[in-house]
Each structure stands twice: as C-alpha cells, then as structure tokens.
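Reading through the structure tokens given below for one structure.
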Amino acid sequence: MSQTIIGEPLPNIPWEDKPADCREAVWRYSQNPIIKRNPGPQAARVFNSAVVPYKGQFVGVFRADTRKVRPQLFYGESTDALNWTLEDEPIKWQDESGKPVKNGYAYDPRLLKVEDTYYIIWCDDFPGPSIGMGKTRDFKTFIKMENPLMPFNRNGVLFPRKVNGMYALLSRPSDSGHTPFGDIIISYSPDMTFWGKHRLVMQSGGGWWQGTKIGAGPAPIETSQGWLLFYHGVITTCNGYVYSMGAALLDLNDPTKVLLRTSDYLATPEEDYETVGFVPNVFFPCATLVDALTGRIAIYYGAADTVTAVAFCQVDELLAFLKENSEI
Ligand code: BMA
1091 MSQTIIGEPL PNIPWEDKPA DCREAVWRYS QNPIIKRNPG PQAARVFNSA
1141 VVPYKGQFVG VFRADTRKVR PQLFYGESTD ALNWTLEDEP IKWQDESGKP
1191 VKNGYAYDPR LLKVEDTYYI IWCDDFPGPS IGMGKTRDFK TFIKMENPLM
1241 PFNRNGVLFP RKVNGMYALL SRPSDSGHTP FGDIIISYSP DMTFWGKHRL
1291 VMQSGGGWWQ GTKIGAGPAP IETSQGWLLF YHGVITTCNG YVYSMGAALL
1341 DLNDPTKVLL RTSDYLATPE EDYETVGFVP NVFFPCATLV DALTGRIAIY
1391 YGAADTVTAV AFCQVDELLA FLKENSEI
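The numbering of the sequence shown is my numbering, which starts it at 1091 and goes up by one.
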C-alpha cells in the first residue's frame, strides 16, 4: 500500500483509537490535559508548545508563563510523548561564537528537524512581537540565529525541507498588541539568514470562526497530495477572541497555491480545559508527531493559554474530510 505521508515511521507515536461514537475527523486524548497547571518551580502554565522524536524518545520546547507572567521557553523530555519532564530553568541561548545571548520574552515555539539540525521558531521580543529563530543539534547547546523578519510578526513556521531549492517560512505579520487581523505569508531563503520573495498564502475570511485572523500551526506535513497545514482561525466575539483549528492542503512545489481549506473548523474549544482558563476559548496547535507508516497524527495544542493537550487524526480520513469540507 502506498503511503500518504512522506516521512519516517514512528512506531511509538502516542495514540488512542477514535471513540466509537465520535463523528469528527479529529478526536481528543481521553487523559487531556497532559501538562496541568504549575508543573515546575517557575512554570505556572505550559501551553502552545512543540515536540519532536529524538533518539527513540521525545524532546520538546515548551512555552511556560512564569509567575511573573512572562513567557519563556523551557526544554523538556519524555519517553512516551505524554508524560513530560521540563527543566526548571528556561533555555539559555548563545551566539555562534558561544557568547551568551540575552533574550526577552519568548512564546509559541515551533520545533522541527531540517536536514541534520533542529530549528526552533518562536515569537521573540525584537523588541515587540517578532519571529525568533534558533537551532540545536543536541538539545544541550542552543544557538540563537538572526531574526528572519522585521517586527511585528508571529506564528513563524518553517517547512521541513527546501521547496524548489529554498528554505521556506510561513509567518503572520501583526501589530504589537492583540492583533485584530492576520493572514499567512510565505518567505524564502537560500541560507536561513536572508529572507525574501514574500508571497500571500491564505487570508482570514470564509466561515466566521476564521474571520478575524489566521496563523500557521505545526510545521507542514508532506503528503503525496500536498503540504498538510494545520492552522488556527480566530473569531472576535463580544467576549473576545475564540481560537479554533482548521487545516489546508498546499501545493508541494508552490505552497502559495491552496488546494483545499477547511470550511468547517476541525476543532473548536468545547472541553472545560479549553473553555475555562487564563484566556478562555483557545485551541492553539503548535506541533504534530507523525507516523508515516500508519498515517497516524498526534496534534499538540495549547488549551485556554493554561494547559497542554493532545488530539489525534488519521491522514487519509483527514484529507477526505478536507475534500468534502473545502471552501475552495
Ligand atoms: C495570541 C498568542 C497566543 C495565545 C493567543 C490567545 O496572540 O499570544 O500565544 O494563545 O493569543 O491568548
């Protein structure tokens, strides 16, 4: 049988079968949330975080809001990708020469392997919300790179390989506050330092759930049919923003071509841990684990800016849902 996902097998992916009575394409882990409040001496709330397989186990870069209510990035490890141990202190960045780099606030990390290096992309204090980028090969030494784009910008998401010979980065230009607008833009680079050839990928709009702004979520997943991109969509209600999750399929050779895009959301805040918390009604995906052999996908998302949760889907079923529910 030919595989839909172009990638590596991950036999130890965390997984739970879809409940018999579930009619959705995406279902939640029954033991959610996997990281509850106050998991560390500094970390009061851990959410919007990213994980990858590493040496047969799993590692992650976690957004933790401290008791100062200032977000920082913490490194964590897990044997099963569900039970996580986070370091007590935030990641210490250094430059290429080994000199310590002072970093301001940091939030909403994405983490992925490109070639032989792991890249971390987050919302950095440039000053003002901007895309920050760093790299590591061993999760011991973390090197801060040049900020790829000018302020203000959020939701920086790298592609896992070059596209037409160039590194590719999604982002969402924003303002310095709780931006009431936002579209997904792609930028290209020959060297991960100089970024250009900026092009529009997707705009907010369509169903009201994605009417205010949208932003890329986890790193795009390469499939035989295109890049599968989970993203968040936001509506402005009289009680503030509500963050839901959708998905799109982008052309493999030209990701500005959106082949499919969810008309209905895939998931929206429904459970208590998603609707109640520091910021109620937030379902914010930042990472996936993927098993190319079975097509299983585990989605890591922040819930209500308070806890970390997991949801599952199967790639063929998800793509079928996308085809049936696409606004394109
Ligand atoms: C966005 C980011 C996210 C957060 C969301 C909801 O602007 O700050 O980290 O989850 O708002 O508060």
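Idealized CB from N, CA, C, for every residue including glycine. Fair warning: this is a prediction, and the values are worked out from it, not measured in the lab.
{"query": "Residues bridged to residue 1124 by DSSP?", "result": "Answer is none; residue 1124 lacks a bridge partner."}
{"query": "Return the residue from the list 1185, 1352, 1300, 1142 that minimises the CA-CA distance to residue 1333.", "result": "1300"}
{"query": "Just to confirm the assignment, what range does the beta strand (DSSP E) spanning residue 1167 have?", "result": "1161-1168"}
{"query": "Is the CB-CB distance between residue 1212 and residue 1197 below 9 Å?", "result": "yes"}
{"query": "Between 1159, 1215, 1319, which has its C-alpha nearest residue 1409's C-alpha?", "result": "1319"}
{"query": "Does residue 1364 come out as helix, strand or coil in the three-state DSSP assignment?", "result": "helix"}
{"query": "Please determine, among 1369, 1344, 1414, 1397, the residue with the shortest C-alpha to C-alpha distance to residue 1356.", "result": "1414"}
{"query": "For residue 1289, which residues from the same chain have a beta carbon less than 6 Å from its beta carbon, with the 5 sequence-adjacent residues on both sides left out?", "result": "1276, 1346"}
{"query": "Looking only at DSSP bridge pairs, what is residue 1243 linked to?", "result": "1263"}
{"query": "So with Cβ pairs under 9 Å, would you call residue 1129 a contact of chain D?", "result": "No chain D is present in this structure, which holds just one protein chain."}
{"query": "Would you list, in sequence order, the uninterrupted beta strand (DSSP E) runs of no fewer than 3 residues that lie entirely inside the stretch 1094-1155?", "result": "1133-1144"}
{"query": "Alpha helix (DSSP H) containing residue 1409: first to last residue?", "result": "1405-1414"}
{"query": "Decide yes or no for the touch test of the stretch 1199-1211 against the stretch 1138-1150: beta carbon pairs closer than 8 Å, at least 3 of them.", "result": "yes"}
{"query": "Which residues does DSSP list as the beta-bridge partners of residue 1223?", "result": "1211"}
{"query": "Within 10 angstroms of its Cβ, does residue 1120 collect 16 or more other Cβ (buried), or is it exposed?", "result": "exposed"}
{"query": "Quick check: the stretch 1128-1139 against the stretch 1153-1171, are at least 3 beta-carbon pairs closer than 8 Å?", "result": "yes"}
{"query": "Return the first residue and the last residue of the beta strand (DSSP E) that residue 1418 is part of.", "result": "Counting along the chain, residue 1418 falls outside any beta strand (DSSP E), and DSSP gives it neither H nor E."}
{"query": "Measuring straight from C-alpha to C-alpha, what distance separates residue 1365 and residue 1187?", "result": "45 Å"}
{"query": "DSSP three-state call for residue 1300: helix, strand or coil?", "result": "helix"}
{"query": "Judging by CA-CA distance, which residue of 1338, 1316, 1231 is the nearest neighbour of residue 1207?", "result": "1231"}
{"query": "At a cut-off of 8 Å, would you count residue 1273 as near ligand 1, judging by its Cβ distance to the nearest heavy atom?", "result": "no"}
{"query": "Would you say the beta carbon of residue 1153 is closer than 8 Å to some non-hydrogen atom of ligand 1?", "result": "yes"}
{"query": "Tell me which residues share the same chain as residue 1341 and place their Cβ nearer than 7 Å to its Cβ, disregarding the 5 neighbours each side in the sequence.", "result": "1316, 1347, 1349"}
{"query": "Is the beta carbon of residue 1352 less than 9 Å from the beta carbon of residue 1373?", "result": "no"}
{"query": "What's the C-alpha gap between residue 1339 and residue 1163?", "result": "30 Å"}
{"query": "Per DSSP, what kind of secondary structure is residue 1312 in: helix, strand or coil?", "result": "strand"}
{"query": "Considering Cα atoms alone, identify which of 1324, 1362, 1327, 1313 is closest to residue 1343.", "result": "1313"}
{"query": "Start and end of the beta strand (DSSP E) containing residue 1250?", "result": "Neither: residue 1250 is in no beta strand (DSSP E) and is coded neither H nor E."}
{"query": "Run through the DSSP bridge pairs and tell me what residue 1293 is partnered with.", "result": "For residue 1293, which the question treats as bridged, DSSP gives no partner whatsoever."}
{"query": "Whole angstroms are fine: how far does the CA of residue 1229 sit from the CA of residue 1179?", "result": "14 Å"}
{"query": "Which one or two residues does DSSP pair with residue 1204 in a beta bridge?", "result": "1207"}
{"query": "Beta carbon of residue 1392: closer than 8 Å to some heavy atom of ligand 1?", "result": "yes"}
{"query": "Would the beta-carbon of residue 1330 fall within 9 Å of that of residue 1095?", "result": "no"}
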